[in-house]
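When we follow the numbering used here, the leftmost residue of the sequence shown carries the number 34, and every step to the right adds one. Taking it in order: structure first as structure tokens, then the write-up.
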Amino acid sequence: MKLTNRFRMPALALLSGALLVTGVTGVTGVTGVTGVAVQPASAHNPSLRVLAERAGVRIGTAVDMAALADDRTYRRTTAREFDSVTAENVMKWESVEPQRGVYDWKPADDLVRYARAHGQVVRGHTLVWHSQLPTWLTTGVADGSIGATELRGILRDHITTEVKRYKGKIQQWDVVNEVFEEDGSLRNSIWLQQLGPSYIADAFRWAHAADPRAKPFLNDYNVEGVNAKSTAYYDLAKRLRAQGVPVQGFGIQGHLAIQYGFPGRVAENLARFEALGMQTAFTEVDVRMILPVDEAKSVTQAPYFRRLLDACLGARSCKSFTVWGYTDRYSWVPGVFEGQGAATPMDEEYGRKPAYGELREGLAAGR
Ligand code: 9MR
34 MKLTNRFRMP
44 ALALLSGALL
54 VTGVTGVTGV
64 TGVTGVAVQP
74 ASAHNPSLRV
84 LAERAGVRIG
94 TAVDMAALAD
104 DRTYRRTTAR
114 EFDSVTAENV
124 MKWESVEPQR
134 GVYDWKPADD
144 LVRYARAHGQ
154 VVRGHTLVWH
164 SQLPTWLTTG
174 VADGSIGATE
184 LRGILRDHIT
194 TEVKRYKGKI
204 QQWDVVNEVF
214 EEDGSLRNSI
224 WLQQLGPSYI
234 ADAFRWAHAA
244 DPRAKPFLND
254 YNVEGVNAKS
264 TAYYDLAKRL
274 RAQGVPVQGF
284 GIQGHLAIQY
294 GFPGRVAENL
304 ARFEALGMQT
314 AFTEVDVRMI
324 LPVDEAKSVT
334 QAPYFRRLLD
344 ACLGARSCKS
354 FTVWGYTDRY
364 SWVPGVFEGQ
374 GAATPMDEEY
384 GRKPAYGELR
394 EGLAAGR
């Protein structure tokens, strides 16, 4: 199945990663595989967000809106631990405009309201993507009833409408998401097929015009280190910025897996985007493994989180570090990668894993 091959590291990265992770020691704050129950934050037990604020970085999570409505522990933990939130799904096109011209903003509005009530910023995710598009749009393009000119107008209206709705309330917008293949060629999406490569510059211009204070970001997976795909982003960003297109941030998703090793040259990658004058961010970090989870795998997983966090803290341009869910209770991983999971810093009962301890230690150590 196509999906199971996504987020896979190339064999080379696997090899070098395996070498790199050996010898990582000093997992502190370890509470064992099952972890400990949710504890209130206090001076002796500071939350991630308290430590992040001291370190001058935002610590974020993707938020599952169904869980936020139904699960009190989830609501409280999301507020206690994080000062940035990203809608895991509810700001995507299929969610906000399920039928043409019929909008459903409620879940996205709810998240923005929750964030405001808890002093959190919001990362907007995502405006242009090849996935999670509404059916009316994909079928209209497929049957020819929506032609290229109309499609361009539809895209412009979508971006403008959504960005304006949350104007002043979004810190960073993922304007275009996952537009390159692993080899650095542009993804063969309906956007490329119908509109040609200029849709990317257009999207950034429209998003920036609708909310000049939100930082417009590129965002993708398998771009942690220096490789063909991240280099394609670098070249694109450099070219567009030279043309005055407002591409201001590079988002590194960070979907890793312990069986593929840790990517090489992450700091170098961040530094080259920084040298272009751009912001950087880790936007969707999780580290999956082949189930069942055991203590050794959890201990192996922890420094993956820490090393990405340290890369962020080591780069002045890196303003936020977001995990794609923080409890295994609500992680997307097992539903997509059969037999894999345990990818987040807390277990299904909100017990803190070694990964949580590493995030805490890393934030405490600061920049
Ligand atoms: O976590 C999201 C999951 O609930 C959705 O079913 C899925 C649909 O493709 O999207 C997941 O989030 C993705 C994110 O929007 C973009 N980067 C990859 C994430 C994991 O697939």
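Backbone N, C-alpha and C fix where the C-beta goes; we use that ideal spot for every residue, glycine too.
Exposure of residue i, with buried meaning 16 or more beta-carbon neighbours within 10 Å
| i | result |
| --- | --- |
| Thr168 | exposed |
| Ala275 | exposed |
| Arg87 | exposed |
| His158 | buried |
| Asp327 | exposed |
| Met42 | Low confidence applies to Met42: its pLDDT is 43, below 50, so where it sits in the model is not reliable enough to give any reading. |
| Gln334 | buried |
| Arg393 | buried |
| Gly186 | exposed |
| Ala236 | buried |
| Pro296 | buried |
| Glu195 | buried |
| Ser231 | exposed |
| Ser128 | buried |
| Arg385 | buried |
| Ser218 | exposed |
| Glu130 | buried |
| Gly277 | exposed |
| Ala240 | buried |
| Thr313 | buried |
Extent of the continuous beta strand (DSSP E) to which residue i belongs
| i | result |
| --- | --- |
| His151 | First-last for His151: undefined, no H or E at that position. |
| Asn302 | Run containing Asn302: none in the beta strand (DSSP E); it sits in the alpha helix (DSSP H), Val299 to Ala308. |
| Ala175 | Element bounds for Ala175: not the beta strand (DSSP E) but the alpha helix (DSSP H), Thr168 to Ala175. |
| Ile192 | That residue, Ile192, is in no beta strand (DSSP E); its alpha helix (DSSP H) goes Ala181 to Arg198. |
| Lys386 | No beta strand (DSSP E) contains Lys386, which DSSP labels as neither H nor E. |
| Val356 | Cys351 to Val356 |
| Asp253 | Lys248 to Asp253 |
Endpoints, alpha helix (DSSP H) assigned at residue i
| i | result |
| --- | --- |
| Gln204 | No alpha helix (DSSP H) contains Gln204, which DSSP labels as neither H nor E. |
| Ala234 | Ser231 to Ala243 |
| Ala261 | Ala261 to Ala275 |
| Ile285 | No alpha helix (DSSP H) contains Ile285, which is instead part of the beta strand (DSSP E) from Gly282 to Ile285. |
| Leu289 | Here Leu289 belongs to no alpha helix (DSSP H); instead the beta strand (DSSP E) covers His288 to Ala290. |
| Pro367 | Val366 to Val369 |
| Leu228 | Ile223 to Leu228 |
Distance, residue j Cα to residue i Cα
| i | j | result |
| --- | --- | --- |
| Glu391 | Glu317 | 17 Å |
| Ile291 | Glu381 | 19 Å |
| Ala388 | Met379 | 8 Å |
| Val118 | Ile179 | 35 Å |
| Leu225 | Leu188 | 13 Å |
| Lys248 | Gly282 | 7 Å |
| Gln286 | Arg105 | 27 Å |
| Asn78 | Phe115 | 15 Å |
| Arg298 | Glu257 | 8 Å |
| Asp343 | Ser222 | 34 Å |
| Thr94 | Val83 | 15 Å |
| Gly89 | Gly399 | 8 Å |
| Ala175 | Gln165 | 15 Å |
| Lys139 | Gln132 | 15 Å |
| Leu251 | Val280 | 7 Å |
| Ala329 | Tyr337 | 14 Å |
| Arg340 | Gly395 | 9 Å |
| Lys352 | Gly177 | 43 Å |
| Gly294 | Asn122 | 28 Å |
| Gly310 | Tyr267 | 12 Å |
| Gln227 | Val209 | 16 Å |
| Val212 | His163 | 8 Å |
| Thr377 | Leu184 | 38 Å |
| Gln153 | His288 | 23 Å |
| Tyr199 | Val155 | 10 Å |
| Gln205 | Thr172 | 30 Å |
| Gly56 | Val369 | With a pLDDT of 28 at Gly56, under the threshold of 50, the modelled position of this residue cannot be trusted, and the question is left open. |
| Arg91 | Phe315 | 10 Å |
| Ala76 | Gly134 | 50 Å |
| Thr355 | Tyr254 | 13 Å |
| Ser80 | Arg113 | 7 Å |
What are the start and end residues of each continuous beta strand (DSSP E) run of 3 or more residues lying completely inside the segment 308-349, in chain order?
312-323
Contained beta strand (DSSP E) runs [length at least 3] in the segment 78-151, N- to C-terminal order
91-96 and 117-120
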